[in-house]
Amino acid sequence: MEIPRFIGRTLILLSLWFLCTGNVSASSNSSFLKPKVINIGALLTLNSVIGRAAQPAIKAAIDDVNSNPNILNGTQLKLIFRDTNCSGFVGTMEALQLMESDVVVAIGPQSSGIGHVISHVVNELHVPLLSFGATDPTLSSMQYPYFLRTTQSDYFQMYAIADIVEYYGWKEVIAIFVDDDYGRSGISVLGDALAKKRAKVSYKAAFSPGDTGSSTINDLLVEVNMMESRVYVVHVNPDTGVNIFSVAKSLNMMSDGYVWIATDWLPSYLDSMELVDPETMNLLQGVVALRHYTPNTDLKKSFMSKWNNLKYKGSAGREGFNSYALYAYDSVWLAAHALDVFLNEGGNLSFSYDPNLHDTNGSMLHLASLRVFNGGEKLLETLLRMNFTGLSGQIQFNPDKHLVRPAYDVLNVVGTGTRRIGYWSNYSHLSIVPPETLYSKPPNISTGSQHLYSVIWPGDTTATPRGWVFPNNGQPLRIAVPNRVGYKEYASKDKSPQGVRGYCIDVFEAAISLLPYAVPHTYMLFGDGKRNPSYDDLVYKVSQNVYDAAVGDITIVTNRTKIVDFTQPYKESGLVVVVPVKEAKSSPWAFLKPFTREMWFVTAVFFLFVGVVVWILEHRINHEFRGPPSQQLVTICWFSLSTMFFSHRENTVSTLGRSVLIIWLFVVLIINSSYTASLTSIFTVQQLTSGIRGIDSLISSTEPIGIQDGSFALNYLVDQLNIAQSRIVKLKNPEAYLRALELGPKKGGVAAIVDELPYIELFLSTTDCLYRIVGPEFTKGGWGFAFQRDSPLALDMSTAILELSENGDLQKIYNKWLTHSECMSQVNQIDEDKLSLNSFWGLFLICGIACVLALIIFFYRVFAQYRRFSPEDEEREMDTTIEPSRSSRRSISSKSFKQIIDFVDRKEAEIKDMLKRKNCNESKQQNNLSFSDGQTSSAS
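So for the sequence shown, numbering that gives the first Met the number 0 puts the first residue at 0; every next one is plus one.
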């Protein structure tokens with residue numbers, strides 16, 4: 000009994016062992032075998048413009064992949080279609096049913112809204128989702144890692160529209176869009192893109208995706224037509240978008256002056272039409288649209304030639320084709336290439352159940368049937384590594400999971416079709432050459448490099464529309480005018496129907512009249528009329544839309560330009576300093592005022608020095624410079640002083656003396672002319688009564704300073720020049736200026752007034768020349784009209800102001816309001832205008848060097864003669880009877896200083912005669928010596 004039982008147990012164990020080893024071997028072999036069929040899903044709205052193009056393209060791609068022996072190595076792709084019916088709910092249900100089929104890749108969806116929902120499903124199940132039509136920029140790779148866009152994001156399309164807006168110089172656009180994820184996200188990016196170009200979306204006109212009836216669109220367009228902007232960006236679905244232009248045509252909004260820019264939905268709609276509908280094309284005349292750019296390669300041409308006869312289409316012909324068909328076709332091939340690499344690298348197409356997905360009691364959703372794709376993460380990485388050329392161009396992803404090299408055609412709807420007016424690419428932006436020709440060149444996105452061909456705009460015109468009009472809502476432009484207390488010649492309240500008057504008002508009205516369009520406006524006073532208003536507050540009110548513009552004597556300064564736009568300055572302005580002046584009192588010593596003390600001293604010294612130098616140079620050869628010592632001293636003084644008037648009677652004979660005299664006479668001429676001019680100025684020009692000579696001396700002093708109430712001068716003096724605010728005295732009007740200056744700083748007044756030049760010119764014309772401007776303008780600026788930021792009227796008004804200046808009307812308006820007596824003579828500032836040595840030291844230096852060089856040459860020649868001259872010989876000739884002792888003393892003192900002076904004092908002619916005789920005597924003595932030597936030799 001034991002043996003049969005033992006044999007039975009052994010047989011059972013052996014059977015189990017063989018069974019287990021067999022199963023393990025089978026499963027091990029199956030894991031390395033490629034599957035025969037791989038399920039791929041497709042989520043489309045079949046009855047739509049994009050769906051009718053994508054469905055046959057996807058089926059054609061599946062056939063091409065399955066028939067290609069070079070890919071997947073015999074593995075067939077099985078396509079499973081699901082119709083989302085353009086519904087988020089239906090799309091979600093269809094996606095869940097699709098996932099029950101164990102698909103490894105899903106193609107679609109075409110709708111961004113459905114894409115948001117389905118992305119959550121594929122993220123949970125690790126199934127890559129290749130979307131060829133969901134262009135919503137918010138479908139980001141960070142939030143939805145398994146969402147992979149195989150077309151271009153609307154992010155790039157909106158930046159292309161922003162470049163077009165900037166190219167034509169428009170500043171505001173109105174966005175008309177469908178109120179869903181696709182529409183809202185696209186317009187949000189457009190707003191960001193325009194902000195970088197200093198433009199903006201002025202109004203967002205949204206409508207519900209399910210409410211596209213004519214009445215709804217009509218109410219929407221009537222509302223936007225009453226606004227300022229005439230540039231409309233239409234970002235809607237291709238199935239219902241044309242209805243917008245039908246309503247716009249009925250409202251006469253497709254006429255001259257309007258700009259319509261459509262996103263890629265319009266070319267997709269037009270391209271899918273086999274036969275052009277004349278009525279539809281008539282609605283779209285002048286529209287500018289963007290279309291996905293796809294290079295015209297041989298691969299694309301081959302596919303286009305087969306499209307008309309695809310068996311999957313409902314009818315023959317080109318009907319239904321658009322650029323989304325190319326992206327759908329490439330999506331299938333992208334999945335095929337990735338699966339081929341995935342399988343070759345040992346990828347496992349296996350699924351597992353997710354414990355988080357289970358059905359609750361009574362649930363009919365069958366969530367437990369959804370399984371997670373185990374190789375989803377690796378397949379996603381493989382998809383991102385793919386790089387091949389498809390029908391739409393290069394299929395490759397950048398680190399942000401966008402297709403590389405996004406580009407668009409820029410189209411213009413004209414006649415019965417569209418014409419390409421240029422291209423846009425993320426590499427070079429707007430150009431008239433295909434993008435692929437620019438990729439080999441350095442990128443150039445400067446403003447000057449942007450080009451488009453001419454556009455035929457709505458209304459059949461080639462003139463670029465201005466892009467804006469004054470709103471047709473019955474509200475005129477609100478113009479703020481400062482209600483001034485003083486200087487009312489510039490702007491003030493008036494009893495006329497206009498309500499205001501003044502120089503600034505006339506300039507504004509003249510500029511408005513030059514504009515090619517009417518500008519309804521009304522003036523509104525700013526301020527209580529009791530004191531000048533704060534101009535900074537006025538400008539701030541304009542920036543806050545309390546007023547549309549501000550007109551008046553508004554200075555253009557930095558802090559104001561940051562919040563509003565100014566026109567071209569129509570009046571130059573700058574801060575100046577005004578102080579009291581008076582006529583100079585006569586003085587018996589006024590003739591000494593032109594020169595400083597140092598200048599007088601150096602001039603006197605040089606007069607004597609030059610006289611002595613000329614006397615030394617002329618004394619030996621010119622008898623007019625000889626005589627007794629007293630006479631020679633008088634000659635030196637007389638000659639020196641007479642050169643001041645060029646009346647010297649002594650003639651110079653020596654070359655050195657003449658050279659010195661010529662240079663000195665030139666110096667005297669300059670000094671004499673400067674002295675005369677300065678003395679004339681002193682006797683004819685008014686003098687200052689204070690020590691203030693300009694802004695620098697005003698800063699260094701501690702005396703009070705008067706400024707106009709409300710002026711920007713307060714901030715400038717305190718913040719920029721660091722003047723204590725306690726020194727600033729605010730004055731309301733010119734009468735307050737007069738009182739403050741008359742009192743002076745010691746009696747409660749001010750030492751000087753700091754104000755803008757236009758006000759000071761008007762003030763000085765009424766003061767009988769009692770006050771003057773000292774120093775230059777220490778700021779440079781001008782007056783302009785302030786408009787709200789990015790207002791197009793500012794540019795047109797600047798052009799009108801320039802025209803007023805060129806045709807002379809601006810000067811005529813100035814003469815009408817501000818003609819006044821001139822009292823602008825220059826103030827003589829005594830301490831600063833005195834001629835000092837600093838102005839003439841160069842002349843004195845040249846003259847001094849010339850005198851020194853002449854003396855050096857002169858004494859060199861004298862000492863050369865002295866070396867040849869012997870005083871002992873002269874003494875023997877004069878007196879041969881002198882006793883030996885005296886001769887000895889003479890010999891000892893022959894080289895004394897007195898002998899040198901005596902030698903220099905002699906006439907040069909006498910010296911030359913003495914040297915001549917000495918040479919003759921030496922020659923005779925030499926001859927006698929030679930003769931005596933000869934006799935001695937003969938006697939011997």
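For each residue, glycine too, the CB sits at the ideal point set by N, CA and C.
Measuring alpha carbon to alpha carbon, tell me which of the options ends up nearest residue i.
| i | options | result |
| --- | --- | --- |
| aspartate 695 | Thr675, Pro405 and Asn721 | Asn721 |
| asparagine 397 | Pro405, Leu390 and Ser391 | Pro405 |
| valine 550 | Val575, Gln543, Gly528 and His520 | His520 |
| glutamine 395 | Asp795, Arg148, Asn837 and Leu763 | Arg148 |
| lysine 400 | Gly414, Met385, Ile635 and Ser140 | Ser140 |
| glycine 209 | Ser187, Ala105 and Ser86 | Ser86 |
| threonine 634 | Gly656, Met643, Ala247 and Val611 | Val611 |
| isoleucine 553 | Leu737, Lys77 and Tyr502 | Tyr502 |
| isoleucine 662 | Val613, Arg619 and Gly705 | Val613 |
| asparagine 373 | Tyr257, Gln631 and Glu123 | Glu123 |
| valine 518 | Asp527, Glu508 and Leu616 | Glu508 |
| phenylalanine 146 | Ser130, Pro136 and Trp637 | Ser130 |
| alanine 712 | Thr778, Leu817 and Glu597 | Thr778 |
| threonine 74 | Thr83, Asp62 and Asn84 | Asp62 |
Starting from residue i, follow its DSSP beta bridges and name the residues at the other end.
| i | result |
| --- | --- |
| tryptophan 663 | In DSSP, tryptophan 663 forms no bridge with anything. |
| serine 351 | Val371 |
| alanine 261 | Val233 and Ala288 |
| aspartate 579 | In the sequence on display, residue 579 carries proline and not aspartate. Answer is Tyr770, bridged to proline 579. |
| serine 430 | Tyr422 |
| arginine 81 | Leu42 |
| arginine 148 | Ser130 |
| glutamate 755 | Leu574 |
| aspartate 564 | Phe786 |
| asparagine 386 | Gln395 |
| glycine 781 | Glu571 |
| tryptophan 467 | Ser228 |
Report yes if the C-beta distance between residue i and residue j is below 7 Å; otherwise report no.
| i | j | result |
| --- | --- | --- |
| serine 495 | arginine 483 | no |
| serine 572 | glycine 781 | yes |
| glutamine 156 | leucine 274 | no |
| alanine 94 | tyrosine 323 | no |
| tryptophan 456 | glycine 709 | no |
| arginine 81 | leucine 97 | yes |
| arginine 559 | methionine 523 | no |
| leucine 282 | serine 245 | yes |
| methionine 385 | histidine 336 | yes |
| glycine 112 | aspartate 178 | no |
| valine 576 | alanine 462 | no |
| proline 464 | glycine 693 | no |
| lysine 106 | alanine 56 | Reading off the sequence shown, one finds isoleucine at residue 106, where the question assumed lysine. Result no, Cβ atoms of isoleucine 106 and alanine 56 do not sit closer than 7 Å. |
| cysteine 850 | valine 659 | yes |
| proline 587 | serine 677 | no |
| tyrosine 516 | tyrosine 758 | no |
Give every residue of the same chain whose Cβ lies closer than 7 Å to the Cβ of residue i, excluding the five residues on either side of it in the sequence, and list them in chain order.
| i | result |
| --- | --- |
| alanine 60 | Tyr328, Val331 and Trp332 |
| leucine 451 | Tyr166, Val409, Ile420, Gly421, Leu429 and Ile431 |
| tryptophan 467 | Glu171, Glu227, Ser228, Arg229 and Pro791 |
| leucine 269 | Thr417 |
| methionine 796 | Ala510, Thr566 and Phe784 |
Near residue i, what residues of its chain come up, given a Cβ to Cβ distance below 6 Å and the 5 sequence neighbours on each side ignored?
| i | result |
| --- | --- |
| valine 717 | Gln724 |
| leucine 12 | The predicted model places leucine 12 with a pLDDT of 38, which falls under 50 and marks its position as unreliable, so this point remains unresolved. |
| asparagine 22 | The pLDDT assigned to asparagine 22 is 40, lower than 50, so where the model puts this residue is not dependable; a value taken from the coordinates is nonetheless given after this. Excluding residues within five positions, none has a Cβ falling inside 6 Å. |
| tyrosine 715 | none |
| asparagine 944 | Outside the displayed span of the chain (0 to 939) sits residue 944, for which this structure offers no information. |
| lysine 196 | Ala161 and Glu165 |
What residues in its chain sit with their C-beta under 8 Å from that of residue i, if we drop five residues either side in the sequence?
| i | result |
| --- | --- |
| glutamate 376 | His125 |
| proline 744 | Glu702, Pro703 and Ala750 |
| leucine 250 | Asn217, Leu220, Val221 and Asn224 |
| tyrosine 407 | Gln151, Phe155, Gln156, Ala159, Asp263, Leu289, Arg290, His291, Tyr292, Tyr422, Trp423 and Ser424 |
Contact the region 437–446 vs the region 282–297: 3+ CB pairs below 8 Å: no
Contact the region 761–775 vs the region 733–742: 3+ CB pairs below 8 Å: yes
Cβ pair count under 8 Å reaching 3, the region 836–856 against the region 594–613: yes
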